[in-house]
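Here our numbering runs 49 ahead of the position in the sequence shown, where the first position is 1.
Glycine included, every Cβ here is placed at the ideal spot set by N, Cα and C.
Here the structure comes first, spelled out in structure tokens, and everything after it is commentary.
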Amino acid sequence: MNVIALKAITIRPVAPEDASLLFELMTSAKFLAKIGDRGIKSEADARQYILAKMHPDLKKKGFFVNHIIMDSETKAEIGTCSLHDREGINGVDIGYAILERYEGMGYATAAAQKMVDLAFGTYGLSKVCAITNVDNLGSSKVLEKVGFSHVGNIEVPITDHPVKLYELSYDEFKNKR
Numbered sequence: 050m051n052v053i054a055l056k057a058i059t060i061r062p063v064a065p066e067d068a069s070l071l072f073e074l075m076t077s078a079k080f081l082a083k084i085g086d087r088g089i090k091s092e093a094d095a096r097q098y099i100l101a102k103m104h105p106d107l108k109k110k111g112f113f114v115n116h117i118i119m120d121s122e123t124k125a126e127i128g129t130c131s132l133h134d135r136e137g138i139n140g141v142d143i144g145y146a147i148l149e150r151y152e153g154m155g156y157a158t159a160a161a162q163k164m165v166d167l168a169f170g171t172y173g174l175s176k177v178c179a180i181t182n183v184d185n186l187g188s189s190k191v192l193e194k195v196g197f198s199h200v201g202n203i204e205v206p207i208t209d210h211p212v213k214l215y216e217l218s219y220d221e222f223k224n225k226r
């Protein structure tokens with residue numbers, strides 16, 4: 050298993066055993082409002098979601114795109130981060146979700162930065178995108194801290210409303226380092 054340690058977080062691939070974390074995260078009021086309903090109503094649903102939606106990406110892409118974020122010191126599981134080839138977006142889309150009790154502690158920024166590092170350094174991508182709801186100011190701040198630029202609003206099939214589109218090219222990433 051590939052485990053990636055950062056200063057404050059460790060990131061590891063999502064496993065079926067993470068169903069309780071995903072259930073808690075994906076049924077929270079904030080997740081439902083900011084990211085959307087994924088149809089998770091139980092831990093069994095979350096386990097099935099991992100197996101049906103998250104693990105097939107390994108076979109399609111050859112690398113894990115969905116990760117669990119853990120506090121490096123306490124080993125507490127605090128959220129998820131990912132890279133997706135999402136319909137309606139020209140480029141790989143970075144995503145992250147943090148349990149509400151861990152928000153505002155820098156975990157989302159550290160996880161987003163690690164996903165960008167993986168996208169450019171390990172997977173050789175030339176551009177990374179991100180989307181967020183127009184009213185999700187916290188997520189917008191995280192993306193801007195990591196170096197993303199807001200390039201406009203778009204509509205994508207996973208939402209029923211316009212979302213903010215952010216982009217970061219490899220050249221911009223390299224120049225900001």
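{"query": "By the DSSP assignment, the alpha helix (DSSP H) with arginine 96 in it spans what residues?", "result": "92–98"}
{"query": "What residue range is occupied by the uninterrupted alpha helix (DSSP H) comprising threonine 158?", "result": "156–166"}
{"query": "Determine, using beta carbons only, whether glycine 140 comes closer than 9 Å to chain B.", "result": "Here chain B cannot be found, since the structure has a single protein chain."}
{"query": "Can you list, in chain order, the residues of its chain with a C-beta nearer than 6 Å to that of methionine 103? Leave out the 5 residues immediately preceding and following it.", "result": "Val63 and Asn115"}
{"query": "Let me make sure I understand the geometry here. Which of Glu122, Pro65, Arg150 and Tyr215 has the alpha-carbon closest to that of leucine 100?", "result": "Pro65"}
{"query": "Looking at the structure shown, is leucine 55 part of a helix, part of a strand, or coil, going by DSSP?", "result": "Low confidence applies here, because leucine 55 scores a pLDDT of 49, under 50, leaving its location unreliable; read the following figure in that light. Leucine 55: coil per DSSP, three-state reduction."}
{"query": "Going by the CB atoms, is the gap between lysine 83 and serine 188 shorter than 9 Å?", "result": "yes"}
{"query": "Can you name the start and end residues of the beta strand (DSSP E) that methionine 119 belongs to?", "result": "115–120"}
{"query": "By Cβ distance below 6 Å, which residues in the same chain neighbour leucine 192 in space, the five residues on each side in sequence not counted?", "result": "Ala179 and Tyr215"}
{"query": "State buried or exposed for serine 198, treating a residue as buried only when at least 16 other CB atoms are found within 10 Å of its CB.", "result": "exposed"}
{"query": "Pull up the DSSP beta-bridge partners for serine 198, would you.", "result": "Glu216"}
{"query": "In angstroms with no decimal places, state the Cα-to-Cα distance between asparagine 185 and valine 212.", "result": "10 Å"}
{"query": "At what residues does the beta strand (DSSP E) containing alanine 64 begin and finish?", "result": "No beta strand (DSSP E) holds alanine 64; DSSP gives it neither H nor E."}
{"query": "Go to glutamate 73, then tell me how far its beta strand (DSSP E) extends in each direction, as first and last residue.", "result": "Premise fails: glutamate 73 lies in the alpha helix (DSSP H), 68–75, not in any beta strand (DSSP E)."}
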